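Enquirer: For the sequence shown, position 79 matches number 106 in the numbering used here, and the numbering has no gaps at all.
Each residue gets a CB set at the ideal place from its N, CA and C atoms; glycine is no exception.
It should be emphasised that the depicted structure is a prediction, and the values quoted were computed from it without experimental measurement.
Provided herewith is a single structure, encoded as structure tokens, for subsequent inquiry.
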Amino acid sequence: MAFKRNTEKRNDKNDRNDPAGGPRKRARYLDPNTIVDRDDTDFLRRFVTEHGKIIPARITGVTAMQQREIKRGVRRARTMGLLA
């Protein structure tokens with residue numbers, strides 16, 4: 028037995044409750060012009076859990092490019108011993 032899909036609902040990209048769409052998330056922590064510095068440990072700690080794992084971009088709301096900069100900064104800070 029086949030069911031008919033409700034295509035009107037699936038085409039509405041502005042409905043946040045619809046798993047297929049919704050408004051784009053904005054970065055909560057980052058200004059687009061922010062420079063990630065490995066020496067700024069207070070800034071980097073916002074993107075790291077208490078166990079030291081880097082929080083994913085889908086949770087923090089940063090863009091892919093910003094996430095790569097954060098990843099690079101956290102790893103360099105760990106190497107230098109600034110972050111545990």
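Does DSSP put isoleucine 62 in a helix, in a strand, or in coil?
Expert: On the sequence shown, residue 62 is found 35 positions in, with the first residue counted as 1. DSSP places isoleucine 62 in coil when its eight states are reduced to three.
Enquirer: Is it right to say glycine 100 is buried, meaning 16 or more other beta carbons lie within 10 angstroms of its own, or is it exposed?
Expert: In the sequence shown, residue 100 corresponds to position 73, counting from 1. Per the 10 Å Cβ criterion, buried.
Enquirer: With 8 Å set as the bound, which would you pick, yes or no: does the beta-carbon of aspartate 58 sit closer than that to a beta-carbon of chain B?
Expert: This model lacks chain B altogether; it includes just one protein chain.
Enquirer: Which residues in the same chain have their Cβ closer than 8 Å to the Cβ of isoleucine 81, if we skip the five residues on either side of it in sequence?
Expert: Here residue 81 refers to the residue found at position 54 when the sequence shown is read from its first residue. Hits under 8 Å: Phe74, Val75, Ile97, Lys98, Val101.
Enquirer: For leucine 57, which residues of its own chain have a beta-carbon under 7 Å away from its beta-carbon, when the five flanking residues on both sides are left out?
Expert: Translated into positions along the sequence shown, residue 57 becomes position 30. Val89, Gln93, listed in sequence order.
Enquirer: In angstroms, rounded to a whole number, what distance separates the CA positions of arginine 72 and histidine 78?
Expert: Here residue 72 refers to the residue found at position 45 when the sequence shown is read from its first residue. Here residue 78 refers to the residue found at position 51 when the sequence shown is read from its first residue. If you take the alpha carbons of arginine 72 and histidine 78, they lie about 11 Å apart.
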